[in-house]
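Read through the structure below, which is laid out as structure tokens, and then see the notes.
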Amino acid sequence: MQKYSALSLLRNALSGHRDWQPAWRKSDPKPAYDAIIVGGGGHGLSTAYYLAKEHGLTNIAVLEKGWLGSGNIGRNTTIVRSNYMLPGNNRFYEWSMKLWEGLSLDLNYNVMFSQRGVLNLAHTPSQLDDYARRGNSMRLEGIDAELLGREEVARMVPGLDMSPNARFPVLGGLLQPRAGTARHDAVAWGYARAADARGVDIIENCEVTGFLREGGRIVGVETTRGEIRAPKVGVAVAGSTSQVLRLAGVERLPIESHVLQAFVSEPVKPILDCVVTFGAGHLYISQSDKGGLVFGGDIDKYNSYAQRGNLPVVEHVMSEVSAMLPFVSRLRLLRNWGGIMDMSMDGSPIITTGPLPGLYLNAGWCYGGFKATPASGWCFAWTMAKDEPHPLNAPFTLDRFQRGYVLDERGAGPYPKMH
Numbered sequence: 008m009q010k011y012s013a014l015s016l017l018r019n020a021l022s023g024h025r026d027w028q029p030a031w032r033k034s035d036p037k038p039a040y041d042a043i044i045v046g047g048g049g050h051g052l053s054t055a056y057y058l059a060k061e062h063g064l065t066n067i068a069v070l071e072k073g074w075l076g077s078g079n080i081g082r083n084t085t086i087v088r089s090n091y092m093l094p095g096n097n098r099f100y101e102w103s104m105k106l107w108e109g110l111s112l113d114l115n116y117n118v119m120f121s122q123r124g125v126l127n128l129a130h131t132p133s134q135l136d137d138y139a140r141r142g143n144s145m146r147l148e149g150i151d152a153e154l155l156g157r158e159e160v161a162r163m164v165p166g167l168d169m170s171p172n173a174r175f176p177v178l179g180g181l182l183q184p185r186a187g188t189a190r191h192d193a194v195a196w197g198y199a200r201a202a203d204a205r206g207v208d209i210i211e212n213c214e215v216t217g218f219l220r221e222g223g224r225i226v227g228v229e230t231t232r233g234e235i236r237a238p239k240v241g242v243a244v245a246g247s248t249s250q251v252l253r254l255a256g257v258e259r260l261p262i263e264s265h266v267l268q269a270f271v272s273e274p275v276k277p278i279l280d281c282v283v284t285f286g287a288g289h290l291y292i293s294q295s296d297k298g299g300l301v302f303g304g305d306i307d308k309y310n311s312y313a314q315r316g317n318l319p320v321v322e323h324v325m326s327e328v329s330a331m332l333p334f335v336s337r338l339r340l341l342r343n344w345g346g347i348m349d350m351s352m353d354g355s356p357i358i359t360t361g362p363l364p365g366l367y368l369n370a371g372w373c374y375g376g377f378k379a380t381p382a383s384g385w386c387f388a389w390t391m392a393k394d395e396p397h398p399l400n401a402p403f404t405l406d407r408f409q410r411g412y413v414l415d416e417r418g419a420g421p422y423p424k425m426h
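End of the sequence shown sits at 426 in the working numbering; the numbers just go up one at a time, nothing left out.
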């Protein structure tokens, strides 16, 4: 692999940028591998990378039905945070945060990780008390958290409607200074490039159409490019999990697929230098390097596999962002898109062995998939390599729903659409 550096940039500039090597090989499938990862998004690519880096498994194939990064890894609002309250969640996401902080150096690729902070607004005294509780839980785990008063929030985000007569008055907020954003497609490209450099085959336009079984064990997959065998098959396909596992005969999973829409406005001068979330509804917003405001909110409540949503959610999200930041109502909306979320019964992910021998599952990410990309791949690689969970993903097993040991961070109950 050609190492990126200031010297290589200068050398290629002098040659008219004609000598850059491809970031990764366009591999053809081999008949057999040591492990197969179904899904060429952030979680699948990071799993392959950490399998190679941490566990020495280099004879690996990543199978993507379309082009690399065409799924949720390129359809999110780029937010990275670890401001969770429950120990099972905050320890996992904090490990992800630590991996994010060194990711560009580790991959030799600029993922544009910007630790600009994430601020959760509080609009009632009880909500501010709840944020204090969450912040204390975070700090007990060594995670940064600051409880801000009304004046501090006003100084940090000057565009907010801070009027005491506002429909949703701002009383304060919870800030995680180390949180922020990263460039979603750069994350996919960085992991793909680094995995390829360690010998991983990244095979695009290769859709899985079935699974190979021997004696009740999964031993490979059938694809549009032929049969590929491997003793370990990991599935990391986000909102398509139910469809893919149905091919293996798994008919019921504790997840539902929903559409989550995201939006971007016309570019404006720098006005928002942190990520802000609306406490009186479900809204999150930041400003991209190009100047556009990137934001999203609730999922479309019906089940769907379409990468697009409907107008009621658009109206809902626009009313929330206008209430929080009135100046946004004067901006033009440039585009929107949708990603397919696999919403779990408790709002927390699933990283586990099974549900069949030889099969491994990475699913149920709800809204949290992008921020978890490094830790998800790291833990899933551990699970696949050692056939047991790492302590960080031990709470995320599939059988917790049967045992009743759920991680309901939001406290919404066993209703996937509510998380």
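Cβ coordinates follow ideal geometry from the N, Cα and C atoms, glycine included.
Can you say whether residue i is buried or exposed, counting buried as having 16 or more other CB atoms within 10 angstroms of its CB?
i    : result
Y116 : buried
W107 : buried
Y367 : buried
N172 : exposed
F120 : buried
R200 : buried
W102 : buried
R185 : buried
Y100 : buried
P319 : exposed
D394 : exposed
L112 : exposed
E327 : buried
W432 : The question about residue 432 has no answer here: the residues shown for the chain are numbered 8 through 426.
Q294 : buried
W372 : buried
P381 : buried
H191 : buried
D296 : exposed
For residue i, which residues from the same chain have a beta carbon less than 6 Å from its beta carbon, with the 5 sequence-adjacent residues on both sides left out?
i    : result
L332 : G166
H397 : C386, W389
C66  : Looking at the sequence shown, residue 66 is not Cys but Asn. Excluding positions up to five away in sequence, the list reads Y40, D41.
E71  : G47, E211
F403 : P356, I357, I358
L279 : Q294
A419 : M425, H426
L126 : G180, L182, C281, V283
Y198 : L52, S53, Y56
R315 : G345
Does the distance from the CB of residue i to the CB of residue j come in under 8 Å?
i    : j    : result
G299 : K276 : no
G406 : G354 : In the sequence as displayed, the identity of residue 406 is Asp instead of Gly. No.
A123 : L181 : The sequence as given places Arg at residue 123; Ala does not occur at that position. Cβ atoms of R123 and L181: not closer than 8 Å.
Q183 : R98  : no
G345 : V266 : yes
Y91  : G384 : no
F285 : A255 : no
G365 : V240 : yes
G81  : A195 : yes
V215 : V226 : no
M391 : L52  : no
R146 : A139 : no
I209 : L75  : yes
F302 : T84  : yes
A193 : I43  : no
P421 : I235 : no
P261 : M352 : yes
A68  : V118 : no
Might you give, ordered along the chain, the residues of its own chain that have their beta carbon closer than 7 Å to the beta carbon of residue i, omitting 5 neighbours on each side?
i    : result
A287 : H130, F175
V177 : L128, H130, R157, V160, L167, M169
H323 : G304, D305
G78  : G48, A245
S336 : S329
F408 : P261, M352
Cutting at 8 Å between CB atoms, please list the residues of its own chain near residue i, excluding the five before and the five after it.
i    : result
N310 : E263, S264, H265
T230 : P36, L70, C213, E214, V215, T216
Q9   : S15, W27, Q28
Scan the stretch 159-184 and note each continuous beta strand (DSSP E) run of 3 residues or more that stays entirely inside, going in chain order. 179-183
Worksheet item: Does the stretch 242-259 come close enough to the stretch 123-142 that 3 or more CB-CB pairs lie under 8 Å?
Response: no
Can you list the alpha helix (DSSP H) stretches of 4 or more residues lying completely in the stretch 357-393, in chain order? 380-393
Review point. Is the stretch 195-206 in contact with the stretch 26-42, if contact means three or more CB pairs nearer than 8 Å?
Key: yes
Q) Is the number of C-beta pairs between the stretch 43-53 and the stretch 372-381 that are closer than 8 Å three or more? A) yes
Legend entry - Contained beta strand (DSSP E) runs [length at least 3] in the stretch 93-164, N- to C-terminal order: 125-129, 153-156
Can you confirm whether the stretch 257-272 touches the stretch 333-348 when touching is taken to mean that 3 or more C-beta pairs between the two stretches lie within less than 8 Å?
yes
Enumerate, from N- to C-terminal direction, the unbroken beta strand (DSSP E) stretches of 3 or more residues contained entirely within the stretch 13-73.
42-45, 67-70
**Prompt:** Fully enclosed by the stretch 214-248, which beta strand (DSSP E) runs are 3 residues long or longer?
**Reply:** 215-221, 224-230, 233-236, 240-242
* Any chance you could list the beta strand (DSSP E) runs of at least 3 consecutive residues sitting entirely within the stretch 288-342, in chain order? => 290-294, 300-310
Which parts of the stretch 252-277 are runs of the beta strand (DSSP E), unbroken and 3 residues or longer, counting only runs that do not cross its ends?
-> 262-272
Item to complete: Identify every run of the alpha helix (DSSP H) within the stretch 186-218, keeping only runs that are complete inside it and at least 4 residues long; order them along the chain.
Response: 191-204
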